[in-house]
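For reference, the structure is listed below as structure tokens.
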């Protein structure tokens with residue numbers, strides 16, 4: 494009986510660890526040129542997400558609490574999603590991609606904070622920006638931001 498309980502507990506634990514946070518079924522682009530083309534073709538605004546995927550605690554929490562939800566997944570259909578990652582580990586993105594991302598940070602992440610969400614219109618003008626994520630882990634202002642961008646577009 495102890496073996497069965499131990500096996501059951503092991504299975505439950507492995508399920509919890511195997512569910513890597515993966516931004517659910519979202520189509521995150523990482524190339525700005527590709528995002529611009531897709532935005533022009535689809536007539537959708539670009540939603541840029543500035544993150545430090547391997548070091549930014551608030552970014553990891555926002556990923557879990559906001560981006561990995563069914564509610565955001567539904568709203569994301571109205572955007573071209575672009576992730577601008579600035580990891581510390583060198584094996585996460587290529588040096589070329591990191592340089593491109595640094596350029597995007599200079600142009601569009603004026604606050605310099607992480608996480609930061611910036612919305613661009615078809616002319617690549619900023620139509621909204623939301624920076625940070627609090628320890629309270631409340632996503633209301635993030636959904637309000639996404640809705641306000643869609644209202645402007």
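Numbering (my numbering), first residue to last: 494 to 646.
Backbone N, C-alpha and C fix where the C-beta goes; we use that ideal spot for every residue, glycine too.
Bear in mind that the values here come from a model prediction, so they are computed numbers and not experimental data.
So residue i is in the alpha helix (DSSP H); what residue range does that whole segment cover?
{"i": "residue 624", "result": "No alpha helix (DSSP H) contains residue 624, which is instead part of the beta strand (DSSP E) from 619-624."}
{"i": "residue 601", "result": "588-601"}
{"i": "residue 644", "result": "633-645"}
Drop a sphere of 10 angstroms on the beta-carbon of residue i, count the other beta-carbons inside from all chains shown, and report buried for 16 or more, exposed for fewer.
{"i": "residue 612", "result": "buried"}
{"i": "residue 555", "result": "buried"}
{"i": "residue 642", "result": "buried"}
{"i": "residue 621", "result": "buried"}
{"i": "residue 569", "result": "buried"}
{"i": "residue 535", "result": "exposed"}
{"i": "residue 608", "result": "buried"}
{"i": "residue 604", "result": "exposed"}
{"i": "residue 602", "result": "buried"}
{"i": "residue 648", "result": "In the structure as shown, the chain starts at 494 and stops at 646, and residue 648 therefore has no counterpart that could be examined."}
{"i": "residue 532", "result": "buried"}
How far does the beta strand (DSSP E) with residue i in it reach, from first residue to last?
{"i": "residue 613", "result": "609-613"}
Return the bridge partner residues of residue i from the DSSP annotation.
{"i": "residue 522", "result": "575"}
Start-end ranges of the beta strand (DSSP E) lying completely within the stretch 536-585, minimum 3 residues: 539-544 and 573-578
The stretch 565-582 / the stretch 531-545 touching (three or more Cβ pairs under 8 angstroms): yes
Do the stretch 626-634 and the stretch 591-604 meet, that is, are 3 or more Cβ pairs less than 8 angstroms apart? no
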